[in-house]
Amino acid sequence: MRKTETEGVAPQFVDRWSSREYDGTLLTQEQINILLEAARWTPSSYNEQPWKFFYPKTDNQRKKFLNLLFDGNQEWAKNTGTLFFIAAKRTLSETGEQNRHYAFDTGAAWMALALQAHLVGLSAHAMGGFDEGRAYDELSIDRKEYEIFAAIAVGKPTQEAGKTEERTPRKPIAGIADSNA
């Protein structure tokens, strides 16, 4: 069981974890829409909402998404409810200028999706272990316009996952904050 250093932190932050053990139940379109709706409401600089989630709708697309992952991730991700790839638009829509906050904003959208997944009994696991070049090509994502940040596995964890998977600790607050800036 994870412990916080400070009282009052909402359980959704402490109890959420990125499972690698899923029961194979595919997500419904309604479940996917709920996750995307949560991400849609993420705050962003200039309300740009630069993130874009790509996900498969057919079995063939699902296989294509899975095959973009490195072998180690494919092994466990094959049992997830769906896979996403999250990318972000590099420029501001109105001016075409560089959006220097696109990565920050997209990370926040990923966290919104992850927390929503946890709230509805699912687990979300973001991965950097995928073939980036192939992902741009096979998902028809324009490299100049977008940057792909992660693949995301989402699904229902197995009953055993909650008991057998290690919930990783976090650095202490002193390791992530500096009050002397």
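The opening residue of the sequence shown carries number 824 in our numbering; numbering runs sequentially from there. Using N, Cα and C, we set each Cβ at its ideal position, and we do this for glycine too. These numbers were taken from a predicted model, which means no experiment stands behind them.
Integer Cβ distance of residue i from residue j, believed to fall under 8 Å
| i | j | result |
| --- | --- | --- |
| E860 | T981 | Contact flag wrong, Cβ pair sits at about 26 Å. |
| K880 | A910 | Not a contact, Cβ separation roughly 17 Å. |
| V977 | L858 | 7 Å |
| G952 | N896 | 5 Å |
| K967 | D846 | That belief does not hold up - the Cβ atoms of K967 and D846 are roughly 39 Å apart, past 8 Å. |
Exposure of residue i, with buried meaning 16 or more beta-carbon neighbours within 10 Å
| i | result |
| --- | --- |
| W933 | buried |
| F888 | buried |
| F918 | For clarity, residue 918 is Thr in the given sequence; the question names Phe instead. Counting Cβ neighbours within 10 Å, T918 comes out exposed, since fewer than 16 surround it. |
| L849 | exposed |
| Q872 | buried |
| F836 | exposed |
| G904 | buried |
| N1003 | exposed |
| N870 | exposed |
Contact check, residue i vs residue j, beta carbons under 9 Å
| i | j | result |
| --- | --- | --- |
| A900 | A974 | yes |
| E828 | P995 | yes |
| Y969 | K912 | yes |
| I971 | E961 | no |
| Q854 | L915 | no |
| R993 | R825 | yes |
| D838 | H948 | no |
| L938 | F907 | no |
| F877 | I964 | yes |
For residue i, the three-state DSSP class (helix, strand or coil)
| i | result |
| --- | --- |
| L942 | helix |
| L962 | coil |
| T929 | helix |
| Y969 | strand |
| F893 | coil |
| Q852 | helix |
| G978 | strand |
| K826 | coil |
| L915 | coil |
| A949 | strand |
| Q872 | coil |
| A937 | helix |
| A910 | strand |
**Prompt:** Would you call the segment 919-935 and the segment 855-870 touching, i.e. three or more CB-CB distances under 8 Å?
**Reply:** yes
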